[in-house]
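Residue numbers (my numbering): 1 to 343.
The C-beta atom is built at its ideal place from N, Cα and C for all residues, glycine as well.
Quick caveat: nothing in here was measured; it's all calculated off a predicted structure.
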């Protein structure tokens with residue numbers, strides 16, 4: 001489901017979830033899919049499906065109300081409007097449980113790709129927009145500026161909370177989720193959207209595991225090797241080679257190779273397990289993420305310099321060299337430069 005590059009929007013509907021009202025305002029007709037609405041839906045869904053940082057998730061139970069509604073919409077086109085209303089009512093009831101989560105619109109969309117059907121559920125948070133207002137007085141008029149409190153996100157803006165749900169035929173995960181917990185007036189974090197409203201929990205797929213391991217290794221290096229730059233450089237180089245050159249990652253093997261002390265190895269493994277990684281299984285490295293995020297390398301020094309270049313340039317001894325000074329510091333040498341541009 002990740003990395004779908006093209007979709008067909010089949011139908012969509014918009015409901016108003018006003019927490020200040022006695023009930024949500026439910027539409028009885030689908031949206032007219034004109035060019036601008038189609039573009040908005042298309043771009044938002046494609047962005048959601050292709051963002052590496054979005055999580056995969058699975059319903060807690062096969063009888064969750066959202067899951068049942070989605071299955072009905074996928075199997076029966078005629079049920080789309082009524083099932084979308086059930087979803088909007090569920091969101092309304094969820095938001096009413098919390099005192100200070102603001103109102104929103106709910107957009108439900110059915111789309112298809114490669115003969116598979118999907119449902120997108122997008123929570124559209126209101127934004128303040130400034131618009132002009134023409135006021136007439138006698139034979140004259142003047143133009144004023146006023147705010148519009150219920151503007152929806154633009155086509156190029158990110159949507160805070162949304163899920164893109166697969167058909168029931170899949171069993172590894174049920175959806176890709178954009179899950180942004182809400183911080184209330186008392187600074188409490190409320191995971192109302194995915195856990196409470198959708199009734200689903202995050203699961204770690206190969207993409208998520210790839211990101212988690214790479215990020216966890218870097219954090220471990222910064223914490224434990226900040227006084228040993230030689231070893232930190234060697235470990236970073238070895239880890240980068242694993243991600244760039246291999247297709248499969250053995251977490252235990254990687255950990256044994258980079259961490260000498262057994263107690264620190266155990267702590268590192270435990271942290272990964274807490275984050276949802278099954279260390280008994282190998283990870284299929286997400287090569288699309290590697291190609292996009294690791295093609296270039298960025299080095300930031302404690303002396304204020306930032307070096308950016310393609311990975312291969314740092315390995316080319318005719319272009320770049322690291323000189324170890326023996327006192328815990330290194331010199332970075334950029335070699336054979338004939339011309340420069342200053343920006």
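Q.
When you compare the CB positions of residue 321 and residue 333, do they come within less than 7 angstroms of one another, or not?
A. Residue 321 sits at position 321 when you count from the first residue of the chain shown. Residue 333 sits at position 333 when you count from the first residue of the chain shown. In this structure, residue 333 lies closer than 7 angstroms to residue 321 by Cβ.
Q. Is the beta carbon of residue 155 less than 7 angstroms from the beta carbon of residue 305?
A. Here residue 155 is taken as the residue at index 155 of the chain shown, counted from 1. Here residue 305 is taken as the residue at index 305 of the chain shown, counted from 1. The answer is no: Cβ separation not under 7 angstroms.
Q. Under three-state DSSP, which class holds residue 294?
A. Taking the chain shown and counting its residues from 1, the one referred to as residue 294 is at position 294. Correct three-state label for residue 294: coil.
Q | Residues sharing a beta bridge with residue 120, DSSP | A | Start at 1 with the first residue of the chain shown, and residue 120 comes out as number 120. In the DSSP assignment, the residues bridged to residue 120 are 109, 164.
(Q) Pull the bridge partners of residue 59 from the DSSP assignment, please. (A) Stepping through the chain shown from its first residue, residue 59 is reached at position 59. DSSP links residue 59 through a beta bridge to 200.
Q: Using DSSP bridges, identify the partner residues of residue 104.
A: As a working mapping, residue 104 is identified with position 104 in the chain shown. 17, 125.
Q. Under a three-way DSSP split, which group does residue 249 fall into?
A. Translated into the one-based positions of the chain shown, residue 249 becomes position 249. If DSSP states are grouped into helix, strand and coil, residue 249 belongs with the strands.
Q | Exposure of residue 146, with buried meaning 16 or more beta-carbon neighbours within 10 Å | A | Along the chain shown, read from residue 1 onward, the residue named residue 146 stands at position 146. The residue in question, residue 146, is exposed, as its Cβ has fewer than 16 Cβ neighbours within 10 Å.
Q | Inter-residue spacing [alpha-carbon to alpha-carbon] between residue 307 and residue 317 | A | As a position in the chain shown, residue 307 is number 307, starting the count at 1. As a position in the chain shown, residue 317 is number 317, starting the count at 1. Note on geometry: alpha-carbon atoms of residue 307 and residue 317 lie some 16 angstroms from one another.
Q | Neighbour-count burial assignment, residue 149, 16 or more Cβ in a 10 Å radius | A | If you number the chain shown from 1, residue 149 lands on position 149. Exposed is the call here.
Q | Any 3 or more C-beta pairs closer than 8 angstroms across the stretch 179 to 190 and the stretch 80 to 89 | A | no
Q.
Using 8 angstroms for Cβ pairs, my map puts residue 286 next to residue 210. What's the rounded Cβ distance?
A. Translated into positions along the chain shown, residue 286 becomes position 286. Translated into positions along the chain shown, residue 210 becomes position 210. Sure, about 4 angstroms apart at Cβ, within 8 angstroms.
Q) Based on Cα-Cα distance, which residue from 283, 243, 63 lies nearest to residue 205? A) Residue mapping note: residue 205 aligns to position 205 of the chain shown, counting from 1. Taking only the C-alpha atoms, the option nearest residue 205 is 283.
Q: Run the CB neighbour count on residue 44, radius 10 Å, all protein chains shown included, and call it buried at 16 or more, exposed below.
A: Here residue 44 is taken as the residue at index 44 of the chain shown, counted from 1. Buried.
Q: Taking all protein chains shown into account, decide if residue 338 is buried (16 or more other Cβ within 10 angstroms of its Cβ) or exposed.
A: Here residue 338 refers to the residue found at position 338 when the chain shown is read from its first residue. Residue 338 should be labelled exposed.
Q) Cβ of residue 126 within 7 angstroms of Cβ of residue 190? A) Mapped onto the chain shown, residue 126 falls at position 126. Mapped onto the chain shown, residue 190 falls at position 190. Against a cut-off of 7 angstroms, the Cβ pair of residue 190 and residue 126 comes out as no contact.
**Q.** Under the three-state DSSP convention, the category residue 343 falls into
**A.** As a first step, residue 343 is located in the chain shown; it is residue number 343 there, counting from the start. If DSSP states are grouped into helix, strand and coil, residue 343 belongs with coil.
Q. Can you check whether the CB of residue 311 is closer than 7 angstroms to the CB of residue 297?
A. Counting from 1 along the chain shown, the entry for residue 297 is found at position 297. Counting from 1 along the chain shown, the entry for residue 311 is found at position 311. Yes, these two residues count as a Cβ contact at 7 angstroms.
Q: List the endpoints of the continuous beta strand (DSSP E) containing residue 35.
A: Residue 35 sits at position 35 when you count from the first residue of the chain shown. Here residue 35 belongs to no beta strand (DSSP E); instead the alpha helix (DSSP H) covers 35 to 50.
**Q.** residue 23 versus residue 92: straight-line alpha-carbon distance, rounded
**A.** Here the question's residue 23 lines up with position 23 in the chain shown. Here the question's residue 92 lines up with position 92 in the chain shown. Distance between the alpha carbons of residue 23 and residue 92 is about 8 angstroms.
(Q) Please tell me whether residue 56 and residue 173 are closer than 7 angstroms, where the distance is taken between their beta carbons. (A) Taking the first residue of the chain shown as 1, we reach residue 56 at position 56. Taking the first residue of the chain shown as 1, we reach residue 173 at position 173. Yes, the pair counts as a contact, with Cβ atoms nearer than the cut-off.
Q: Compute the distance between the beta-carbons of residue 200 and residue 59, then report whether it is under 7 angstroms.
A: Taking the chain shown and counting its residues from 1, one reaches residue 200 at position 200. Taking the chain shown and counting its residues from 1, one reaches residue 59 at position 59. Yes. Within cutoff.
Q: Write down the C-beta distance between residue 119 and residue 70 rounded to the nearest angstrom, noting that I regard them as a contact closer than 8 angstroms.
A: As a working mapping, residue 119 is identified with position 119 in the chain shown. As a working mapping, residue 70 is identified with position 70 in the chain shown. Between residue 119 and residue 70 a beta carbon distance of about 5 angstroms is seen, short of the 8 angstroms cut, so the two are scored as contacting.
(Q) Which complete alpha helix (DSSP H) runs does the stretch 176 to 228 hold, if anything under 4 residues is left out? (A) 206 to 224
Q: Could you name the residues that DSSP lists as bridge partners for residue 332?
A: For this step, residue 332 is matched to residue 332 along the chain shown. Its beta-bridge partners are 322.
**Q.** Beta-carbon proximity list for residue 217, same chain, < 6 angstroms, skipping 5 on both sides
**A.** Working through the chain shown from its first residue, we reach residue 217 at position 217. Within the same chain, residue 217 has close Cβ partners 239.
Q.
Residues in the same chain with beta-carbon distance under 8 angstroms from residue 128, minus the five sequence neighbours each way, listed in chain order, please.
A. Position 128 of the chain shown holds residue 128. Cβ neighbours of residue 128 beyond the five flanking positions: 147, 148, 149, 151.
**Q.** Own chain, CB closer than 7 angstroms to residue 67, minus 5 neighbours either side, in chain order
**A.** Here residue 67 refers to the residue found at position 67 when the chain shown is read from its first residue. For residue 67, where only same-chain residues beyond five positions count, the Cβ hits under 7 angstroms are 59.
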